[in-house]
Each structure stands twice: as C-alpha cells, then as structure tokens.
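Residue numbers (our numbering): 737 to 1081. C-beta atoms are modelled at their ideal positions from N, C-alpha and C, and glycine is treated no differently.
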Ligand SMILES: Nc1ncnc2c1ncn2[C@@H]1O[C@H](COP(=O)(O)OP(=O)(O)O)[C@@H](O)[C@H]1O
Ligand SMILES: [Mg+2]
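So this is what it looks like as structure tokens:
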C-alpha cells in the first residue's frame, strides 16, 4: 500500500486540531457552506505530468459525507492521478482539493490520520506474515498506542477475514488476500474516510463480493468510502453516489439513482410473434423498436404501459413476457456520452 506521506510543506493554520466530521470546512478563509457537507471537494483540480500528459483536467468533485462514492472511468481516465492529489502524494498543476474540509497537500498531517488509503495495490513485505505486516504498519503510525497494537491488528485481521491466514508469509497470499491485507492496514484506526483505488482489481468474483460486503459494512458504520473502479457494474452494486471520468474530465456526478433515472428504462416484450409485436409497439409510440429472436425491445412511451400490453394482446400477439427493465448506470453513461462504456479505455 502507498502510505501517504505525513510531511507537510507549510505551517498549519491555527485551530487545526479540532477536526471533526462535517465541521472542518467551516474554518479558515477558504471554507464555504457547500464544503462542510462534503468530505472531498475539488475545484478546477488539474494535473499535467512533466511529459506534458494532461491526466486530470479541471475537476470539480464533491463527495458527500456518509456516501459510498464510486469514481468511475476507463483505464487512463485520471482516477489514480486524482487520488494521489487528494492524498497529498503529488501536487496539482492548478486548482484546489479539500479533504475533510482542509486543503491538500498543505494539511496532510492533520487530515491523513483520519483517512485510510489503498492505492494501486498494497506494498507488503513478502517475507513477513500478514500479521507482522500489520504490526509493522501500526508501528509506523506515531499516533498508534503500542500497548493496544496487538488487539488492533487482530481486529483488523478479523474484519477482512484473514485471521486464519495471519501467520502465513504475505508472499504466499493470493492477490485477493493481499488486497484484503492492504484493506486491513487501512482499517487499523477508525477512519472518517476510506480511499480505495480499484480495490477489486484482479480479484475473482468471490473476492469481489467480499470486498463489496466489507465496503457496505464500513459505510453502515458511518465511514465515507471513496472507491475507484473501471467496472460500471461494481459501482452500481455498492455505491450511493458516483462520478464518471473520461480522458481526465468529469462527465457527470451525483446520486447513482438520479444518474440512472436520467436514462429511460427499456421495454422488453417476449413473444414468438415478433413482427406483429414490433408493428403494434411502434403504433403505440414505442421508440427504437428492435426485434430479436423471441423478443422485441424499445424505449417505453409516456402512456400507461397497461394500454400498450392490452394493444399487443388485442392484436393477437402471444405475450409471454412484458417487462420494463430498470435503467442502469450504463444506460446513463451511453445517454450522456453517446458511446458505450469501453473499459479498454
Ligand atoms: N507518472 C506519470 N507520468 C506521466 N503520465 C502519467 C503518470 N501517471 C499516469 N500518467 C498518465 O495519466 C493518464 C491518467 O492515468 P491514471 O491517473 O493512472 O488513470 P486511471 O487511474 O484512471 O487508469 C494516463 O494517460 C496515464 O498514462
Ligand atoms: Mg488507476
């Protein structure tokens, strides 16, 4: 795991110590009302790498307190670069980033103890056991009480389901176990914010499920979770809010339900009489009608769908299925960008 460095480049503002959820932004000259309800807030955040690559381009991101926030985008869209700026690991070229209401990277020392981070896979000592890796991480934290270290480590191991494998050398861990160990390291202390960069990358479906349920548990405990992914499906399953990135720019952000609601659902009629069904559906105002083997799909009209169904039946169409498929985040993405979500980026 990337341990965000705790170095600070400038002296802190006075009054830094009483950091509490939601109140951080009300302090200091840069604080505003909108930021006080958000744990991450960026304005025009931009990163141009030395080679000239514009990796993040004018990002305005708002992550509400208590959300499970999905930071979605194809590979190369700027997710990791953004996260590294949020964690104070690299300096933005321009723009600002506030985390827990404080400016980054300036307030890194005050902010980072409240943030657990897992960035681009955990850095582990392969020759140490999982447990010893965690003991080492904990010992590196100057705020961690050595007397309660053992208990903290055992709790974290238990939380990610690694107790049974705790004595094994980390180099013998599967990718999923390594990822969970990295998560355990991020969970050694209670956190206000967890930042997980592609936490399910390289995991099998079972491993992905485990991470998802852990994220849900943490969120239920009140931790805001910010997680990046290039998998739409994953974001839909676990996140309350999402932002979509493409080529360094923010395409949209908001509550997942609202984003998906922006796209209409799909009407799906299952029938052996596809030709007749397609004709009736068009007549009924269904748009983009497509007939496949034994089903006809289309964009539902404004009118009552019961009438549409009745019209089908009246025309002698043998209706075996008539459903309105819920719009997905993917539908929203397609509606917004006019293209599919290409994970190859
Ligand atoms: N250290 C770096 N130096 C130069 N270019 C970089 C560096 N890191 C990433 N990039 C480029 O910045 C863009 C965004 O990368 P990244 O933030 O890693 O995206 P993501 O995490 O969404 O896959 C990519 O085009 C990538 O090649
Ligand atoms: Mg990345």
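Residue 977 - partner residues in DSSP beta bridges = According to DSSP, residue 977 bridges with 805, 991.
Sub-8 angstroms separation of residue 1055 and residue 1045 beta-carbons | For residue 1055 and residue 1045, yes; Cβs fall inside 8 angstroms.
Within the stretch 1008-1076, note down every full beta strand (DSSP E) run reaching 3 residues or more, in order along the chain.
-> Listed in chain order, they are 1023-1027, 1031-1035, 1057-1061.
Residue 893 and residue 978 closer than 8 angstroms at C-beta | Contact: no.
Residues bridged to residue 835 [DSSP beta-bridge criterion] | When beta bridges are read from the DSSP output, residue 835 appears opposite 776, 838.
Can you name the start and end residues of the beta strand (DSSP E) that residue 878 belongs to?
-> Segment: none, residue 878 is in no beta strand (DSSP E) and carries neither H nor E.
So is residue 995 buried or exposed if we call it buried at 16+ other beta carbons inside 10 Å?
-> Buried, because 16 or more other Cβ atoms sit within 10 Å of the Cβ of residue 995.
Helix, strand or coil for residue 852, going by three-state DSSP, please let me know.
-> Shown here, residue 852 sits in a strand according to DSSP, grouped into three states.
Taking 7 angstroms as the cut-off, does the CB of residue 811 come closer than this to any heavy atom belonging to ligand 1?
-> Residue 811: yes, Cβ under 7 angstroms from ligand 1.
Where residue 957 falls: helix, strand or coil (DSSP) | In the three-state DSSP reduction, residue 957 falls in the coil class, being neither helix nor strand.
Do residue 790 and residue 717 come within 8 angstroms of each other at the CB atom, strictly closer than that value?
-> Lying before the first or after the last residue shown, residue 717 is absent from the chain, which here runs from 737 to 1081.
For residue 1002, which of helix, strand or coil comes out of DSSP?
-> Three-state result, residue 1002: strand.
Coil, strand or helix - residue 913 by DSSP = Three-state DSSP puts residue 913 in a helix.
At a cut-off of 7 angstroms, is residue 814 close to ligand 1 when judged by its beta-carbon and the heavy atoms of the ligand?
-> Yes, since a heavy atom of ligand 1 falls inside the 7 angstroms radius drawn around the Cβ of residue 814.
Compute the Euclidean distance between the alpha carbons of residue 1060 and residue 1002, then round it to the nearest angstrom.
-> Their Cα atoms are separated by approximately 6 angstroms.
Does the Cβ of residue 970 lie closer than 7 angstroms to at least one heavy atom of ligand 2?
-> Checking the Cβ of residue 970 against ligand 2 gives no.
Please name the residue or residues paired with residue 783 in a DSSP beta bridge.
-> Partner(s): 792.
Return yes when at least one heavy atom of ligand 2 lies under 7 angstroms from the C-beta of residue 933, else no.
-> Checking the Cβ of residue 933 against ligand 2 gives yes.
If you draw a straight line from the C-alpha of residue 1067 to the C-alpha of residue 887, how long is it?
-> Each residue's Cα considered, the two are about 46 angstroms apart.
Close-in-space but distant-in-sequence residues of the same chain around residue 788 (CB under 7 angstroms, 5 per side omitted) = So no residue of the chain qualifies.
Have a look at 871, 814, 895 and flag the residue whose alpha-carbon is nearest the alpha-carbon of residue 884.
-> Ranking 871, 814, 895 by CA distance to the CA of residue 884 puts 871 first.
Does the distance from the CB of residue 1022 to the CB of residue 1012 come in under 8 angstroms?
-> No, they are not a contact pair.
C-alpha distance - residue 956 paired with residue 826, whole-angstrom precision = Their backbone Cα atoms lie some 31 angstroms apart in a straight line.
What's the gap between the Cα of residue 854 and the Cα of residue 928?
-> So the alpha carbons of these two residues sit roughly 14 angstroms apart.
CB contact flag (residue 895, residue 923, <8 angstroms) | For the 8 angstroms CB-CB criterion, residue 895 and residue 923 form a contact.
Residue 870, DSSP secondary structure in three states = Residue state, collapsed to three classes: helix.
Check whether the Cβ atoms of residue 914 and residue 865 lie closer than 8 angstroms to each other.
-> It is not a contact, given that the beta carbons lie outside the stated cut-off.
Quick one: using the 10 Å Cβ neighbour count with 16 as the cut-off for buried, is residue 908 buried or exposed?
-> By the beta-carbon neighbour count (other beta carbons within 10 angstroms, threshold 16), residue 908 is exposed.
Rounded to whole angstroms, what's the CA-CA distance from residue 793 to residue 1050? Just pull it up for me.
-> The straight-line gap from Cα to Cα measures roughly 55 angstroms.
Cβ-heavy atom distance between residue 856 and ligand 2 below 7 angstroms?
-> Correct: residue 856 has its Cβ closer than 7 angstroms to ligand 2.
What do you get for residue 1062, buried or exposed, if any count of 16 or more other CB atoms within 10 angstroms of its CB means buried?
-> Residue 1062 is exposed by the Cβ-count criterion.
How many whole angstroms separate the CB atoms of residue 971 and residue 806, which I take to be in contact at a CB cut-off of 8 angstroms?
-> Their Cβ separation, rounded to whole angstroms, is 3 angstroms, which keeps residue 971 and residue 806 in contact under 8 angstroms.
Taking residue 798 as part of the beta strand (DSSP E), name the residues at either end of that continuous run.
-> 798-800 is the extent of the beta strand (DSSP E) around residue 798.
Taking the alpha carbon of residue 797 as the point to measure from, which residue in 973, 832, 824, 786 has its own alpha carbon closest?
-> Ranking 973, 832, 824, 786 by Cα distance to residue 797 puts 832 first.
Might you give, ordered along the chain, the residues of its own chain that have their beta carbon closer than 7 angstroms to the beta carbon of residue 954, omitting 5 neighbours on each side?
-> Taken in chain order, the residues that qualify are 930, 961.
Would you report the Cα separation of residue 1009 and residue 982, rounded to the nearest angstrom?
-> When the Cα atoms are used, residue 1009 and residue 982 turn out to be separated by approximately 41 angstroms.
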